[in-house]
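Engineer: In case it helps, my numbering puts the sequence shown at residues 1 to 322. Each residue gets a CB set at the ideal place from its N, CA and C atoms; glycine is no exception. I have a structure I would like to understand better, so I am pasting it below and will then ask my questions one at a time.
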Amino acid sequence: MMEQGEEVSPELGLGLGLRGKHFNYILENWPTVDWFEVISENFMDSGGRPRWVLRQIAERYPVVMHGVSLSIGSLDALDMDYLARLKALAEEIKPRWISDHLCWTGVNGVNTHDLLPMPLTEESLKHVSGRINEVQDFLGRQLVLENPSTYLTFRQSTIPEPDFLRCLTEETGCGLLLDVNNVYVTSYNNDLDAEEYLRALPVESVVQMHLAGHQNCGTHIIDTHDGPVVPEVWKLFAEAWKLTGGAPVLLEWDARIPSFEECHAEVLKAKKYMDGFESDGRTAISTGPGEVSNPVDFLVSQFTELTEFAELTDLEAVDIRG
Ligand SMILES: [Fe+2]
């Protein structure tokens, strides 16, 4: 078990997800931006130009690594080859921290490339806690876990998600990546109170926040990361900022990606929602102004596939589309 807050320095500010579309702009302009988050899998196995670009960026900006394939909730054994490559990348670019999601991405060696929701029970809590400890021991550092966007719940679940996350931090010393948009999406899709969700979180364990756009389809919301942050999520962000006392903020934009300047302007809007709230001084905000895989490329049309996976584990998924 890691000590709470060990190895994590959250004084980063307002950052952007590094996307291939912006490589040339960054290399030509070296824009003033506080920090970048990189999708680990986009660089773990690539040499050549992407890795070279990443090295240039990591020499000039703080970076953190954000993964989508750890599958911490799966019943498969941990993929030690994956972890070895993750560790090797971390040794090369020296990220401030390494994060992934509270989810599973497949079973029996199949990777669906989706961030699938977990049944939240005492049994799964024990299972995930043990795996987090294994991962932290192997990496020799704290793991940071993100709350996922969910589109269904399991009838077998007995622990509310914020409580589940709290138990994980207490059992393992892991950190939390609070995706404010995901809290909104999950709450909308599962008929929860988003502000109540925030208040139930172990906010002292939050080392980073995510913001992103989504698509509201009326009966449900899809976490598309293809547009600006909506007003409701900004409002929730203001609440999250107040509750956490400030944490580094990162904008994710993964489809229909606009120019670097537009993405950066979007994350800088966060400053407006920090006004009036006392920060504990952890966050320093600057004033500077090829498509990658979508880490949340989850479509509701894939519900059938998900239920098939759920059946493999004897779980009953509840479709929220009604
Ligand atoms: Fe996120």
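1. How is tryptophan 97 classed by DSSP in three states: helix, strand or coil?
2. Alanine 77: beta carbon under 7 Å from a heavy atom of ligand 1?
3. Is leucine 250 near valine 207, with beta carbons less than 8 Å apart?
4. Determine which residues share a DSSP beta bridge with asparagine 216 and list them.
5. From proline 351 to aspartate 45, what does the alpha carbon distance come to, in whole angstroms?
6. Below 8 Å between beta carbons: does that hold for glycine 15 and proline 228?
7. Can you tell me whether alanine 77 is buried or exposed, with buried defined as 16 or more other CB within 10 angstroms of its CB?
8. If you measure from each residue's Cβ to the nearest non-hydrogen atom of ligand 1, which ones come out under 5 Å, in chain order?
9. Skipping 5 residues on each side, what residues in its chain have a beta carbon closer than 8 Å to that of serine 286?
10. When we look at the beta-carbon of valine 183 and count the other beta-carbons within 10 Å, is it buried (16 or more) or exposed?
11. How many Å lie between glutamate 28 and valine 53 at the Cα?
12. Assuming glutamate 252 is part of the beta strand (DSSP E), what are its boundary residues?
13. May I have the straight-line CA-CA distance separating tryptophan 104 from valine 128, to the nearest angstrom?
14. If you compare alpha carbons, which of Val233, Ala194, Trp30, Pro117 is closest to alanine 212?
15. Given this structure, state the Cα-to-Cα distance separating glutamate 146 from tyrosine 188, to the nearest angstrom.
16. Give a yes or no on whether the C-beta atoms belonging to leucine 102 and leucine 143 are separated by under 8 Å.
17. Would you mind working out which of Gly17, Leu120, Pro162 sits nearest proline 62, comparing C-alpha positions?
Structural biologist: On the basis of the coordinates in this document:
1. If DSSP states are grouped into helix, strand and coil, tryptophan 97 belongs with coil.
2. No, ligand 1 has no heavy atom inside 7 Å of this Cβ.
3. No, Cβ-Cβ distance for leucine 250 and valine 207 is not below 8 Å.
4. Answer is Ile221, bridged to asparagine 216.
5. For residue 351 there is no data in the structure shown, the boundaries of the chain being 1 and 322.
6. Not closer than 8 Å, so no.
7. With a 10 Å radius around the Cβ and a threshold of 16 neighbouring Cβ atoms, alanine 77 comes out exposed.
8. In chain order, the hits are Asp179, His210.
9. For serine 286, the pLDDT reaches just 36, beneath the cut-off of 50, and the residue's location in the model is therefore unreliable, although a value from the coordinates is still provided. The residues are Gly13, Leu14, Thr32, Val33, Asp34.
10. Burial call: buried.
11. Linking glutamate 28 to valine 53 through their CA atoms gives a straight-line distance of about 12 Å.
12. Segment 249–252, the beta strand (DSSP E) holding glutamate 252.
13. So the two alpha carbons sit approximately 10 Å from each other.
14. When C-alpha distances from alanine 212 are compared across Val233, Ala194, Trp30, Pro117, the shortest belongs to Val233.
15. So the alpha carbons of these two residues sit roughly 18 Å apart.
16. Taking 8 Å as the Cβ cut-off, leucine 102 and leucine 143 do not qualify as a contacting pair.
17. Shortest Cα-Cα distance from proline 62 to any of Gly17, Leu120, Pro162 involves Gly17.
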